[in-house]
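In the numbering used here, the protein residues as written are 2 to 69.
Each residue gets a CB set at the ideal place from its N, CA and C atoms; glycine is no exception.
Notes follow the structure.
What follows is the structure, encoded as structure tokens:
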């Protein structure tokens, strides 16, 4: 799924900062990444992969973006 397709399925996303550089990323109310829980920064592509995984439950299997 490309970035244009992703936006069709995200009703909300949040980057929630905390103290000491800690942050959480949520999509549609689901925690995607927590720096505090992981104890580290996200690896390249890790947050995007989490978003795609979360969207698997809301994206119809036969979804195809039609360019206009």
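> Roughly how far, in whole angstroms, is the beta-carbon of residue 34 from the beta-carbon of residue 22, given that I think they are within contact range, below 8 Å?
Replying inline: The sequence position of residue 34 within the chain shown is 33, counting from 1. The sequence position of residue 22 within the chain shown is 21, counting from 1. No, residue 34 and residue 22 are not in contact; Cβ-Cβ is about 14 Å, not under 8 Å.
> What are the residues that DSSP puts in a beta bridge with residue 17?
Replying inline: Looking up residue 17 in the chain shown gives position 16. Its beta-bridge partners are 25.
>> Per the DSSP calculation, residue 31 is bridged to which residue(s)?
In response: By 1-based counting over the chain shown, the position of residue 31 is 30. The bridge partners DSSP lists for residue 31 are 28.
> What are the boundary residues of the alpha helix (DSSP H) that residue 43 is part of?
Replying inline: Taking the chain shown and counting its residues from 1, one reaches residue 43 at position 42. Element bounds for residue 43: n/a, residue is neither H nor E.
> So which of 5, 43, 56, 10 has the shortest CA-CA distance to residue 16?
Replying inline: For the purposes of this step, residue 16 is taken as residue 15 along the chain shown, with counting starting at 1. Comparing Cα-Cα distances from residue 16 to each of 5, 43, 56, 10, the minimum goes to 43.
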